[in-house]
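One gets the working numbering by counting positions in the sequence shown from 1 and adding 20 to each.
Below: one structure, written as structure tokens.
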Amino acid sequence: MSNTQKVKVILWGCGNMGQIMVNYLLQKNVQIIGAIDRNPARVGKDLGDVANLGYKLNIKISSDHEAVLSSSAADLCIVGTRSTMEDVYPQLKAVVNHGINVLTICEKAFYSWNTNPELSNKLNALARKNNCTVTASGIQDIYYVNLAAIIASSTQKIDRIYGLSTYNVDDYGQALAQVHGVGLSEEQFKQDISSDTAPSFGWNAGEALASRLGMTIKSIHEKKVPVYNKQDVYSKTMGTTLGTNQAAGMKSSVFITTYQGTVIEFDTVGKVYEPGEIDVTNWSLEGEPTTTVNISSPATPQLTCATIVNRIPHVLDAPAGFYTIDKLPSPEFHHFISKSL
Ligand SMILES: NC(=O)c1ccc[n+]([C@@H]2O[C@H](COP(=O)([O-])OP(=O)(O)OC[C@H]3O[C@@H](n4cnc5c(N)ncnc54)[C@H](OP(=O)(O)O)[C@@H]3O)[C@@H](O)[C@H]2O)c1
21 MSNTQKVKVI
31 LWGCGNMGQI
41 MVNYLLQKNV
51 QIIGAIDRNP
61 ARVGKDLGDV
71 ANLGYKLNIK
81 ISSDHEAVLS
91 SSAADLCIVG
101 TRSTMEDVYP
111 QLKAVVNHGI
121 NVLTICEKAF
131 YSWNTNPELS
141 NKLNALARKN
151 NCTVTASGIQ
161 DIYYVNLAAI
171 IASSTQKIDR
181 IYGLSTYNVD
191 DYGQALAQVH
201 GVGLSEEQFK
211 QDISSDTAPS
221 FGWNAGEALA
231 SRLGMTIKSI
241 HEKKVPVYNK
251 QDVYSKTMGT
261 TLGTNQAAGM
271 KSSVFITTYQ
281 GTVIEFDTVG
291 KVYEPGEIDV
301 TNWSLEGEPT
311 TTVNISSPAT
321 PQLTCATIVN
331 RIPHVLDAPA
341 GFYTIDKLPS
351 PEFHHFISKS
361 L
């Protein structure tokens with residue numbers, strides 16, 4: 021006799037990532053009980069149709085989040101809508117007010133204790149009051165933090181950690197393209213992106229890595245520069261062709277020094293790819309001994325969504341509050357996702 025039952029999930033955000041997650045959740049026996057989105061092309065449609073399952077799920081995508089959140093007892097809501105803490109906070113708050121656990125792929129919520137302390141602490145207090153957990157995960161969880169951390173566990177002394185991640189902005193929606201300055205002229209990029217002191221995704225991930233390694237940050241700096249393509253490239257996400265004088269995206273370089281003496285440097289390059297370009301994730305841990313890992317062509321969107329699905333049990337088991345992944349157990353693979361009775 022099994023003493024487990026299905027995990028019930030609401031999906032908030034049924035775009036590129038949400039659609040992959042629908043498939044992955046169902047394959048692992050998770051019950052999707054509601055779907056929320058605001059995009060008129062998706063609202064009112066069956067989630068099975070939007071996710072191209074080839075069959076209906078009899079779940080209508082709704083723009084009325086309150087109706088969906090109060091309609092039945094969900095264990096968890098997956099929020100895949102926007103990239104900044106300011107943008108997702110209203111959604112996280114709405115879910116938490118119903119006492120429902122949250123897993124979000126919002127990049128800036130990944131480790132926002134220092135970059136957005138006000139909203140992070142508000143969220144933490146609200147989640148504790150409502151006895152539920154909020155966690156942000158995604159590609160950063162394993163490929164930016166836990167991968168480097170696991171290599172560190174076999175290293176005697178670390179002088180420098182260097183990471184590089186590249187990804188195609190066209191795999192995602194407009195929110196990601198906007199924070200990467202896609203389509204901007206050199207002057208606009210300088211004004212809107214380079215001189216904006218708001219940190220990029222790499223900053224949050226770098227801080228999470230330092231925390232995971234038990235290191236205390238002494239200083240942190242970031243440089244954001246535009247990257248250009250050598251030829252005109254059509255962008256599916258922007259719905260337009262980008263000229264060679266328009267930013268195809270952004271390179272962010274984060275530089276961290278720690279009181280333990282280790283330096284962490286992390287470059288992320290997110291751009292609309294030219295034909296033939298592929299994602300790359302590289303880590304080099306320099307010290308005694310030095311170890312390098314180069315991952316060619318990681319399927320970043322799929323890895324993001326599979327990580328979210330595999331993280332569900334940890335979030336359900338975590339203490340109430342805003343619980344960032346540096347405090348969660350190491351990620352695990354699950355054949356099926358269920359919850360204990
Ligand atoms: N952490 C990670 O590893 C990771 C990986 C991939 C993506 N992301 C982030 O996850 C987010 C979603 O990515 P995506 O590629 O799936 O984007 P997408 O294709 O644009 O899908 C997002 C969907 O959410 C909807 N939405 C946005 N704000 C909403 C709100 N307040 N209420 C209801 N629906 C809302 C959007 O509607 P509209 O089209 O009307 O805006 C869209 O339909 C982005 O911010 C992206 O940067 C994170």
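We treat Cβ as the ideally placed atom computed from N, Cα and C, and that holds for glycine.
(message) According to DSSP, simplified to helix, strand and coil, what is Gly405?
(response) In this structure the chain extends from 21 to 361, so residue 405 is not present and cannot be described.
(message) Tell me the DSSP secondary structure of Trp223 in three-state form.
(response) When DSSP states are grouped into helix, strand and coil, Trp223 belongs to the helix group.
(message) Give me, in chain order, the residues of the same chain whose beta-carbon lies closer than 7 Å to that of Lys48; leave out the 5 immediate sequence neighbours on both sides.
(response) Correct list, in chain order: Val329, His354, Phe356 and Ile357.
(request) Spatial neighbours of Thr104 within its chain, please: CB distance less than 6 Å, with the 5 preceding and 5 following residues excluded, ordered by chain position. (result) Correct list, in chain order: Lys128.
(request) For the beta strand (DSSP E) holding Gly412, just list the boundary residues, first then last. (result) With the chain covering only 21 through 361, there is no way to say anything about residue 412.
(request) Look at Leu123 and Ile345 and say whether their C-beta atoms are less than 8 Å apart. (result) no
(request) Going by DSSP, name the residue or residues bridged to Pro246. (result) Met270
(request) Round the Cβ separation of Ser273 and Glu242 to the nearest angstrom and send it over; I've been treating them as touching at under 8 Å. (result) 7 Å
(message) Let me check you understand the geometry: is the CB of Arg389 closer than 7 Å to at least one non-hydrogen atom of ligand 1?
(response) Because the chain spans 21 through 361 in this model, residue 389 falls outside it and cannot be assessed.
(message) One question on the structure: do Tyr182 and Ser304 come within less than 8 Å of each other, judged by their Cβ atoms?
(response) Going by C-beta atoms, Tyr182 is nearer than 8 Å to Ser304.
(request) Would you give the residue range spanned by the alpha helix (DSSP H) that Arg58 belongs to? (result) Where Arg58 is concerned, there is no enclosing alpha helix (DSSP H), given that its DSSP letter is neither H nor E.
(message) I'd like the list of long-range same chain contacts for Gln176, defined as Cβ closer than 8 Å, with 5 residues on each side in sequence excluded.
(response) Gly307, Glu308 and Pro309
(request) Compare the Cα-Cα distances from Ala340 to each of Asp66, Gly119 and Gly263 and report the closest residue. (result) Gly119
(request) Return the chain-ordered ranges of every beta strand (DSSP E) run that is complete within the region 102 to 181 and spans a minimum of 3 residues. (result) 121 to 124 and 153 to 156
(message) What does the Cβ neighbour count give for Asp84, buried or exposed, with the cut at 16 atoms within 10 Å?
(response) exposed
(message) Within 10 Å of its beta-carbon, does Gln211 have 16 or more other beta-carbons around it, so buried, or fewer, so exposed?
(response) In the assembly as shown, Gln211 is an exposed residue. Its beta-carbon has fewer than 16 other beta-carbons within 10 Å.
(message) I'd like to know if the region 140 to 160 and the region 245 to 257 are in contact, where contact means that at least 3 CB-CB pairs between them fall below 8 Å.
(response) no
(message) So, for Met21: in the same chain, excluding its five sequence neighbours on each side, which residues have a beta-carbon less than 6 Å away from its beta-carbon?
(response) With a pLDDT of only 48 at Met21, under 50, the local geometry of the prediction cannot be trusted, and no value is derived from it.
(request) Quick one: give me the first and last residue of the alpha helix (DSSP H) that Asn314 is part of. (result) Taken as a continuous stretch (DSSP letters only), Asn314 belongs to no alpha helix (DSSP H), being part of the beta strand (DSSP E) at Thr311 to Ser316.
(message) On the criterion of 16 or more Cβ atoms from any shown chain inside 10 Å, does Gly222 qualify as buried, or is it exposed?
(response) In this structure Gly222 is buried. Its beta-carbon is surrounded by 16 or more other beta-carbon atoms within 10 angstroms.
(request) Answer with buried or exposed for Leu348, where buried requires no fewer than 16 other C-beta atoms within 10 angstroms of its C-beta. (result) buried
(message) Could you tell me the alpha carbon to alpha carbon distance between Lys244 and Asn78, rounded to whole angstroms?
(response) 45 Å
(request) Count the other C-beta atoms from every protein chain shown that fall within 10 angstroms of the C-beta of Leu12, then say buried if there are 16 or more, exposed otherwise. (result) The first residue shown for the chain is 21 and the last is 361, placing residue 12 beyond what the model contains.
(request) Can you tell me which of Lys291, Lys238 and Leu67 puts its alpha carbon nearest to the alpha carbon of Ile56? (result) Comparing alpha carbon positions, the residue from Lys291, Lys238 and Leu67 closest to Ile56 is Leu67.
(request) Determine the DSSP secondary structure at Gln194, reduced to helix, strand or coil. (result) helix
(message) Just to confirm before moving on: does the CB-CB distance between Phe342 and Val154 stay below 8 Å?
(response) yes
(request) Going by CA-CA distance only, name the one from Gly201, Cys126 and Phe130 that's closest to Lys271. (result) Gly201
(message) Using C-beta distances below 8 Å, list every residue in its chain close to Ser174, excluding the 5 sequence neighbours before and after it, in chain order.
(response) Thr311
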